[in-house]
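Enquirer: I am attaching a structure below and will ask some questions about it afterwards.
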Amino acid sequence: DAKTTQPPSMDCAEGRAANLPCNHSTISGNEYVYWYRQIHSQGPQYIIHGLKNNETNEMASLIITEDRKSSTLILPHATLRDTAVYYCIVSRGSARQLTFGSGTQLTVLP
Amino acid sequence: GAVVSQHPSRVICKSGTSVKIECRSLDFQATTMFWYRQFPKQSLMLMATSNEGSKATYEQGVEKDKFLINHASLTLSTLTVTSAHPEDSSFYICSAAGTDSYEQYFGPGTRLTVT
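Just so you know, the sequences run in chain order A and B. If you count the first sequence from 1, position 16 lands on 16 in this note's numbering, and the numbers rise without skipping. If you count the second sequence from 1, position 52 lands on 1052 in this note's numbering, and the numbers rise without skipping.
So, in structure tokens, the structure goes:
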């Protein structure tokens, strides 16, 4: 599976949008972009995934560039409970193993 | 989303003893389950992949005789840490995937401390 690159940390003011970038320049055509987050001392939580098109659900939006070499996870109105490590992962599907990088520590500030 | 449970949530054991951790998918059939380990301030590292009814596939560097994995049913997988040592102290997390979903569902994790 392709490797991803994320900034180690980001801050965001409560109520503002949090935009988390991810580079995956070696992604192949059959690989999806997944986003998970892990709140301290808990198991990872699925957020969203996409292949080519932008996706939106009740938690977040995923914007994938046309060349698919990078993506951005958007939390539209960040709350203190969104403070977590966010992992961008490229994988060929749910039954495939997920390779976790170091992720981005998002801290939402009051 | 689907629910995956782990039991126990935390366990303390003495060096040399064995510990069993259970991972259950509560509302779906998990054809594939994964076991991860996470040391403090580090990311999750995959230990093994198991398919129901088959032997687990272990990642390089993970001893299959030390970390016994059983996936005997579509809703239960167990990880047994045999002859545990203090260096096995870690956060163990399982995940489960069905055949018709794009998501992997993670359990809440088990904190193992070996004294």
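Glycine included, every Cβ here is placed at the ideal spot set by N, Cα and C. Quantities reported herein were computed from a predicted structural model and do not represent experimental measurements.
Cutting at 6 Å between CB atoms, please list the residues of its own chain near A:L20, excluding the five before and the five after it.
Expert: L73, Y86, T104
Enquirer: What residue from A:V90, A:I63, A:R96 has the CA that sits closest to A:G29's CA?
Expert: The option with the nearest alpha carbon to A:G29 is A:V90.
Enquirer: DSSP puts A:S66 in a beta bridge; with which residues?
Expert: Residue identity differs from the one stated: residue 66 of chain A is Glu in this sequence, not Ser. In DSSP, A:E66 forms no bridge with anything.
Enquirer: Less than 8 Å between the CB atoms is what I'm expecting for B:E1022 and B:T1082, so what's the real figure, rounded?
Expert: In fact, because the Cβ distance is near 16 Å, the residues do not count as touching under 8 Å.
Enquirer: If you measure from the beta carbon of A:G43 to each beta carbon in chain B, is any gap under 8 Å?
Expert: Cβ-Cβ to chain B under 8 Å: yes for A:G43.
Enquirer: Answer yes or no: does any C-beta atom of chain A fall closer than 8 Å to that of B:T1049?
Expert: yes
Enquirer: Output, in chain order, the set of chain B residues within a Cβ distance shorter than 8 Å of A:H40.
Expert: Result: empty, since nearest Cβ-Cβ is about 11 Å, beyond 8 Å.
Enquirer: Please list, in chain order, all residues of the same chain as A:I39 whose beta carbon is under 6 Å from its beta carbon, the five residues on each side excluded.
Expert: A84
Enquirer: The beta strand (DSSP E) spanning A:P21 covers which residue range?
Expert: 18-23
Enquirer: Beta-carbon of A:S61 versus every beta-carbon of chain B: anything under 8 Å?
Expert: no
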